[in-house]
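Engineer: Read top to bottom, the protein sequences are chains Z and V.
Note that the numbering used here has the first sequence beginning at 1, numbered continuously upward.
Note that the numbering used here has the second sequence beginning at 1, numbered continuously upward.
Ideal Cβ placement from N, Cα and C applies to all residues, glycine included.
Protein chains: 2
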Amino acid sequence: MLTKSSTELVRQQNSALVLASLRRHGPLAHTDISHHTGLASATVSVITAELEKAEVLERREQQAPAARGRPRVIFGQRRDAGYLATVRISSDMVQYSLADYGGTLLDRFEEPRNHADTATRPFTEAFVAALDKLAERSRIDRAQVLVVSISSKGLVDPVTARLVWSPVFGAQQVDFAALLQPPWRAKILLNNETLIVAHAMALRMEKAGMRDLQAVAALSLGHSIGLGIARFDRSGELSVTAPNFGHMLNSSDGKLCRCGAQGCIEASAGFYGILRTAFEVPPDTIPAKFVPLVEMDKIALRARQGHRMSEYAFRQAGLALGQGLSRVVSLYENMPIAITGPGTRYFDLLRRGVEEGLAQSQQVRLFGAPPISVVPEEATLVLEGHLDRALAEMDHDVIAARTDGD
Amino acid sequence: MLTKSSTELVRQQNSALVLASLRRHGPLAHTDISHHTGLASATVSVITAELEKAEVLERREQQAPAARGRPRVIFGQRRDAGYLATVRISSDMVQYSLADYGGTLLDRFEEPRNHADTATRPFTEAFVAALDKLAERSRIDRAQVLVVSISSKGLVDPVTARLVWSPVFGAQQVDFAALLQPPWRAKILLNNETLIVAHAMALRMEKAGMRDLQAVAALSLGHSIGLGIARFDRSGELSVTAPNFGHMLNSSDGKLCRCGAQGCIEASAGFYGILRTAFEVPPDTIPAKFVPLVEMDKIALRARQGHRMSEYAFRQAGLALGQGLSRVVSLYENMPIAITGPGTRYFDLLRRGVEEGLAQSQQVRLFGAPPISVVPEEATLVLEGHLDRALAEMDHDVIAARTDGD
DNA sequence: ACTTTTTTCTCGACAGTCGAGAAAATAAAT
DNA sequence: ATTTATTTTCTCGACTGTCGAGAAAAAAGT
């Protein structure tokens, strides 16, 4: 149902607009804000004054006077208005980062994980300890950290911040919200990793000035297969989802997936699936929960040298991916696809299969194959996405607080 | 990007809210409007006064005084504020309906179509003539018809009101906007038929008071297979799409589809696909473009009597549908599915296959199978959907006109 | 010192919502 | 017939918000 509007909501929306334009274009002067947002100069004055009083914006002198006339006053985020932490959970390590309200990275470290260790307890303890360390190293009070944005592979319930199913812990759930007790008061955001990647890709493409960008898909190739879809809705806002692509049914070929089902895309295109085909292991067994990259590199090397079964394994993986993507574009719409993750180093071997799989649907025949780009540095994308989401969340809270606070 | 807000937009939004509540609950008194919308009584007064002056609302006396106190003044749409026509194009006939701004049906007739006739010209001429007839029979000036809402199977470009690909005309496009010259000035809405059905189903379920309804899918079974997905977005508004489900790749089994591709869902589950399997026609030929219902009934009868190949054909069709639906819930989320169309009369034969296909994915294993309901009267649903969409469009235009008009 | 230029700030007009209470209109009670 | 109770609609003033225009500020050029 529609919801009623009011003058206060107008102010909220326009304040959000000002903060968003500052995020997108960096520190701006009064005039530029007015120009970017379309708001009247007088309105911008009121809003910036308010945000200044709320101690989230600060005035900075223009360093290079350049032209004549009254010098501009530049508004920028007060970097000490709050802090955010991001956590990227992989099967073999966990990355922790800390940034301020201005979006500048203050600290970053990673801790190895033993992927054989499937219990959640050691992990959660290390998690809490690492966050403490993160705050301590930068001498920041834990109460000042307003958002902790976490990503993992697998299925996630973003509302309760619960990890529902993950390749690392299986069906053992992890309740992140429950982990951080006072003095932490941060809001916890938990999302699928590839959702974050899709978000970051959409941002990049939008900044690159792509016209008529409706949607973007990000496909992450690795031990597991992840897909994120970012769409700009009617109002132009970005809404991102992480469908269960890796475990979508590909074909009733009986290939066992580590999720327990048969014929998942991952069972063909995940690292263990490729290894299984290459080594002609029976399809009803899982050869290894975790396949080291060097092992995959060996198979790829053999494939490139002409070894039939290895070549075939990558080809089949590509085919499963291509068919899956053809279903994605059939069920959504044509959209650019960015492929990322450690599996991109084998994309030369996958490409033919992907193209073949894509070509099999009417959607692709009618509208052509979606443009595919390869973006290997997944870690950068994940950080970008985390930052944007966490900062947007902080901005949102700042504006919401205005009404009841003060 | 976000867009700026203003006090005028507030009024637009709230006016829309008032009209929408009148649509949902029927004619209402001042007090009830205030209650349903959450707007203050004073605000409702201003808005209704404005809409009254714009001649879209009228005051009606309360017939049964019931309680004591000042009698209520009921506001209702002025039925003569504008008219709408709906057109439902099927392969064997075209249905035309006319309704007023109050949503009451004024006239309805249908004209047979020769499905062997694949040229667009005779169709478009009949189309224009039928609309003229529709207006004339009710003595309504064609300029008073503000919206014509058209639905067809196949692929549609809703922006330009162009039929891109249809089972009837193939790749021959039909530009509906170009067909209606002055004195028509109606806005043309063109949508996939199953999109309209999904819209209507979402409305019904919402009215039935379903809690936490996120999304609804409608699956239409017939000569071709259609899917519509209706979702309530963050703001609670309904956004409906019609993915290319019927021609999504199901399996590389080589079954030729009439779209020219192989392995489409329709090639297994469309009427001609079922007939092909039942009669053991080679999968690389299309047995008939159009299979009469009596023919299908015969196959179904044989299947129910235990004839193996006929039973198998329906089972395979169900399997293709179930697998396709499992992909839908994997790529979107779990949602109730309403099955409609002439094919529902065979649902007893399809059911087992559908369930089997659904069960093959992790999504269904984790979250259970989506609830499936069968709603045979597709025509009613289509009309409901058309009316709601057309009336919403008219309401929207009324409100938008307020600003520049007068 | 004065002018030009550019930017920021301020003021009054206008549009919108809201709460409270006045006014209206009827049924019941006296 | 008049009064009272009740319910609904209408109206008024306060408040919040945006906007355009012009005043004020602040620097560079002359």
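Are the beta-carbon atoms belonging to S220/V and E378/V less than 8 Å from one another?
Structural biologist: Along the second sequence, read from residue 1 onward, the residue named residue 220/V stands at position 220. Along the second sequence, read from residue 1 onward, the residue named residue 378/V stands at position 378. In this structure, E378/V lies closer than 8 Å to S220/V by Cβ.
Engineer: Which residues, in order along the stretch 18-38 of chain Z, keep a beta-carbon less than 7 Å from a beta-carbon of chain V?
Structural biologist: Residues A20, T37, G38.
Engineer: Starting from S268/Z, follow the alpha helix (DSSP H) in both directions and report where the run begins and ends.
Structural biologist: Position 268 of the first sequence, counted from the first residue, corresponds to residue 268/Z. Its alpha helix (DSSP H) spans residues 265-269.
Engineer: Where A29/Z and R402/V are concerned, what is the direct C-alpha to C-alpha distance, given to the nearest angstrom?
Structural biologist: Locating residue 29/Z in the first sequence gives position 29, counting from the first residue. Locating residue 402/V in the second sequence gives position 402, counting from the first residue. If you take the alpha carbons of A29/Z and R402/V, they lie about 36 Å apart.
Engineer: Counting only runs that start and end within the stretch 178-236 of chain V, where is the beta strand (DSSP E) found for 3 or more residues in a row?
Structural biologist: Complete beta strand (DSSP E) runs here, min 3: 187-192, 215-221, 225-232.
Engineer: State the CB to CB distance for the pair S224/V and P167/V, rounded to an integer number of angstroms; the pair is presumed to be in contact (CB under 8 Å).
Structural biologist: Translated into the one-based positions of the second sequence, residue 224/V becomes position 224. Translated into the one-based positions of the second sequence, residue 167/V becomes position 167. Rounded, the Cβ-Cβ distance is 5 Å, consistent with contact.
Engineer: In whole angstroms, what separates the C-alpha of A87/V from that of T124/V?
Structural biologist: Sequence index remark: in the second sequence, residue 87/V carries index 87 (1-based). Sequence index remark: in the second sequence, residue 124/V carries index 124 (1-based). Residue 87/V is actually Val in this sequence, not Ala. If you take the alpha carbons of V87/V and T124/V, they lie about 12 Å apart.
Engineer: For F109/Z, count the other beta carbons within 10 Å of its own beta carbon; 16 or more makes it buried, fewer makes it exposed. Which is it?
Structural biologist: For the purposes of this step, residue 109/Z is taken as the residue at position 109 of the first sequence. Classification of F109/Z: exposed, given that the 10 Å Cβ count is below 16.
Engineer: So that I know if they touch, is there some Cβ in chain Z lying closer than 8 Å to that of K407/V?
Structural biologist: Not covered by the structure: residue 407/V. The range shown for chain V is 1 to 406.
Engineer: Tell whether a beta-carbon distance below 8 Å holds between A177/Z and A198/Z.
Structural biologist: To locate residue 177/Z, count along the first sequence from 1; it is residue 177. To locate residue 198/Z, count along the first sequence from 1; it is residue 198. Their beta carbons are not under 8 Å apart, which means A177/Z does not touch A198/Z by this criterion.
Engineer: Taking 8 Å as the threshold (beta carbon to beta carbon), is P158/Z in contact with chain V?
Structural biologist: Taking the first sequence and counting its residues from 1, the one referred to as residue 158/Z is at position 158. P158/Z does not count as touching chain V.
Engineer: Going along the chain, which residues of its own chain have a beta-carbon closer than 7 Å to the beta-carbon of L418/V, five neighbours each way excluded?
Structural biologist: Residue coverage of chain V in this structure runs from 1 to 406, which leaves residue 418/V outside it and unanswerable.
Engineer: Could you give the distance in angstroms between the alpha-carbon of Q62/Z and the alpha-carbon of R72/Z?
Structural biologist: Within the first sequence, the letter at position 62 stands for residue 62/Z. Within the first sequence, the letter at position 72 stands for residue 72/Z. Going from the Cα of Q62/Z to the Cα of R72/Z covers about 6 Å.
Engineer: Does any C-beta atom of chain Z lie closer than 8 Å to the C-beta of S361/V?
Structural biologist: Here residue 361/V is taken as the residue at index 361 of the second sequence, counted from 1. Closer than 8 Å: yes.
Engineer: Can you grab the Cα-Cα spacing for the pair A81/Z / M93/Z, in whole Å?
Structural biologist: Position 81 of the first sequence, counting from 1, holds the residue named residue 81/Z. Position 93 of the first sequence, counting from 1, holds the residue named residue 93/Z. Taking the straight line from one Cα to the other gives about 30 Å.
Engineer: If you follow the alpha helix (DSSP H) that Y413/Z is in, where does it begin and where does it stop?
Structural biologist: Missing from the structure shown is residue 413/Z; chain Z here goes from 1 to 406 and no further.
Engineer: Say whether chain V places a C-beta atom closer than 8 Å to the C-beta of L106/Z.
Structural biologist: The sequence position of residue 106/Z within the first sequence is 106, counting from 1. Answer no: the Cβ-Cβ gap between L106/Z and chain V never drops below 8 Å.
Engineer: Tell me which residues share the same chain as L180/V and place their Cβ nearer than 8 Å to its Cβ, disregarding the 5 neighbours each side in the sequence.
Structural biologist: Counting from one through the second sequence, the residue named residue 180/V turns up at place 180. Around L180/V: V128, L131, V148, A186, I188.
Engineer: Only counting the same chain, and skipping five residues up and downstream in sequence, which positions put a Cβ closer than 6 Å to that of P112/V?
Structural biologist: Taking the first residue of the second sequence as position 1, residue 112/V is located at position 112. Excluding positions up to five away in sequence, the list reads M93.
Engineer: Please classify F279/V: is it buried, with 16 or more other beta-carbons within 10 angstroms of its beta-carbon, or exposed?
Structural biologist: Against the second sequence, residue 279/V aligns to sequence position 279. The residue in question, F279/V, is exposed, as its Cβ has fewer than 16 Cβ neighbours within 10 Å.
Engineer: Can you give the Cα-Cα distance for P287/Z and A126/Z, rounded to whole angstroms?
Structural biologist: Residue numbering aside, residue 287/Z sits at position 287 when the first sequence is read from its first letter. Residue numbering aside, residue 126/Z sits at position 126 when the first sequence is read from its first letter. The alpha-carbon atoms of P287/Z and A126/Z are separated by roughly 29 Å.
Engineer: Use the C-beta contact count for D406/Z: other C-beta atoms within 10 angstroms, 16 or more gives buried, fewer gives exposed.
Structural biologist: Your numbering for residue 406/Z matches position 406 in the first sequence. Only weak support exists for where D406/Z lies, its pLDDT of 43 falling under 50; the coordinates are left without a value.
Engineer: Classify P122/V as buried or exposed, calling it buried when 16 or more other Cβ atoms lie within 10 Å of its own Cβ.
Structural biologist: Against the second sequence, residue 122/V aligns to sequence position 122. So P122/V ends up on the exposed side.
Engineer: Using a threshold of 8 Å, state whether the C-beta atoms of T48/Z and L57/Z are closer than that.
Structural biologist: In the first sequence, the residue the question calls residue 48/Z occupies position 48. In the first sequence, the residue the question calls residue 57/Z occupies position 57. Their beta carbons are under 8 Å apart, which means T48/Z touches L57/Z by this criterion.
Engineer: In this structure, how does DSSP classify Y83/V when only helix, strand and coil are distinguished?
Structural biologist: For the purposes of this step, residue 83/V is identified with residue 83 of the second sequence, where counting begins at 1. Correct three-state label for Y83/V: strand.
Engineer: Determine the contact status of S15/Z and I274/Z, defining contact as a CB-CB distance below 8 Å.
Structural biologist: For the purposes of this step, residue 15/Z is identified with residue 15 of the first sequence, where counting begins at 1. For the purposes of this step, residue 274/Z is identified with residue 274 of the first sequence, where counting begins at 1. Going by C-beta atoms, S15/Z is not nearer than 8 Å to I274/Z.
Engineer: Whole angstroms is fine: what's the gap from I265/V's alpha carbon to S90/V's?
Structural biologist: For the purposes of this step, residue 265/V is taken as the residue at position 265 of the second sequence. For the purposes of this step, residue 90/V is taken as the residue at position 90 of the second sequence. The alpha-carbon atoms of I265/V and S90/V are separated by roughly 20 Å.
Engineer: Would you grab the beta carbon distance between L134/Z and A85/Z for me? Rounded to a whole angstrom, and I think it's under 8 Å.
Structural biologist: Looking up residue 134/Z in the first sequence gives position 134. Looking up residue 85/Z in the first sequence gives position 85. Rounded, the Cβ-Cβ distance is 6 Å, consistent with contact.
Engineer: Taking three-plus beta-carbon pairs below 8 Å as touching, is the stretch 353-371 of chain Z in contact with the stretch 384-396 of chain Z?
Structural biologist: Not touching, per the Cβ criterion.
Engineer: By the criterion of Cβ-Cβ separation under 8 Å, what are the contact partners of N14/Z in chain V?
Structural biologist: By one-based count along the first sequence, residue 14/Z stands at place 14. Under the 8 Å cutoff, chain V gives K4, S5.
Engineer: At the level of alpha carbons, what is the spacing between E8/V and S21/V?
Structural biologist: Here residue 8/V refers to the residue found at position 8 of the second sequence. Here residue 21/V refers to the residue found at position 21 of the second sequence. C-alpha separation (whole angstroms): 20 Å.
Engineer: Any heavy atom of the ligand NAP inside 7 Å of the beta-carbon of P376/V?
Structural biologist: This structure lacks the ligand NAP; in fact it carries no ligand of any kind.
Engineer: Does DSSP put R70/V in a helix, in a strand, or in coil?
Structural biologist: As a first step, residue 70/V is located in the second sequence; it is residue number 70 there, counting from the start. In this structure, R70/V counts as coil in the three-state DSSP scheme.
Engineer: Kindly say whether Y332/Z, judged by its beta-carbon, lies nearer than 8 Å to any beta-carbon of chain V.
Structural biologist: Position 332 of the first sequence, counting from 1, holds the residue named residue 332/Z. Yes, Y332/Z counts as interfacial toward chain V.
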